[in-house]
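Per UniProt numbering, residue 1 is the first one in the sequence shown, and the count goes up by one each step. Data block below; observations after.
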Amino acid sequence: MLTWKNVIHFTVKGNLEPDFKVEKSDIEWKQLLTPEQYRITRKKGTEPAHSGALCSSFTNGQYNCVCCNTPLFNSSIKFKSNSGWPSFTQPIKENAIKYIKDTSFGMIRVEVLCNTCNAHLGHIFPDGPEPTGLRYCINSEALQLQKEKEKNNDE
């Protein structure tokens, strides 16, 4: 189980290696993604608070990266944070997420990216629920929900 101490360690000492990497040109990403998905995931954008389709959804399933379909979060660790963005306490796997120190906008935060394709997902904060205290604050546009039923049919 990851803690804030682990997250800070990754930002300073380096991230875990992903299972595999996906690399595409900017042109390829633009062809695969909607303009809003591209703006958020490839240009580090943010959707307006409470605007994302997945913000208030608690459907059982898995949340995958919209760019490369890598599993990132499970609905069992999603919680209502009232922040305006989907919030999770842990990634599916420790190496699913990349952590980067972010000093933009005069703040010090930790940016989270898909460790497979480097898609910007959002940020992580140490104000989540116990036992980890983590809150992965993720843009809906960076995720695609694979509902539990769909997941079982694919296997």
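The beta carbon of each residue, even a glycine, is placed where N, CA and C say it ideally should be.
Next item on the list: Please report the Cβ distance between I77 and Q90, rounded to the nearest whole angstrom; I am assuming they are in contact, meaning their Cβ atoms lie under 8 Å.
Entry: 5 Å
Next item on the list: Quick one: residues in its chain with C-beta nearer than 8 Å to the C-beta of K21, no 5 flanking neighbours on either side, listed in chain order?
Entry: T116, C117
Check: Would C137 pass as a contact of T70 if the rule is Cβ separation under 8 Å?
Finding: no
Checklist line | Own chain partners of E148 with C-beta closer than 7 Å, once the 5 adjacent residues on each side are dropped | finding: For E148, where only same-chain residues beyond five positions count, the Cβ hits under 7 Å are N60, G61.
Margin query: So, at 6 Å on beta carbons, what are the nonlocal neighbours of residue 161 in its own chain, with the 5 sequence-adjacent residues on each side left out?
Written below: Outside the displayed span of the chain (1 to 155) sits residue 161, for which this structure offers no information.
Item checked: Contacts around K98, its chain only, beta-carbon distance under 6 Å, and the 5 residues preceding and following it disregarded -> N15, L113, N115
Item checked: Candidates S57, S75, G45, of which the one nearest Y63 by Cα -> S75
Item checked: N- and C-terminal bounds of the beta strand (DSSP E) containing E111 -> 109-114
Next item on the list: Output yes or no for whether 8 Å exceeds the beta carbon distance between A142 and C55.
Entry: The Cβ-Cβ distance between A142 and C55 does not fall below 8 Å.
Checklist line | Cβ separation of H120 and I8, assumed to be a contact under 8 Å, to the nearest whole Å | finding: Going by Cβ atoms, the distance from H120 to I8 rounds to 19 Å, so no, they are not a contact pair.
Next item on the list: Could you name the residues of the same chain whose beta carbon sits closer than 7 Å to that of F79, not counting the 5 residues immediately before and after it, in chain order?
Entry: S87, T89, P129
Item checked: Outcome for E47 when other beta-carbon atoms lying within 10 angstroms are tallied against a minimum of 16 -> Burial call: buried.
Notebook entry, point to check: According to the neighbour-count rule (16 or more other Cβ atoms, all chains shown, within 10 Å of its Cβ), is Q31 buried or exposed?
Noted result: exposed
Next item on the list: Please name the residue or residues paired with I8 in a DSSP beta bridge.
Entry: According to DSSP, I8 bridges with nothing at all.
Notebook entry, point to check: Does DSSP put G106 in a helix, in a strand, or in coil?
Noted result: Looking at G106 - three-state DSSP - the assignment turns out to be helix.
Check: So, using beta-carbon positions, are G52 and W29 closer together than 8 Å?
Finding: no
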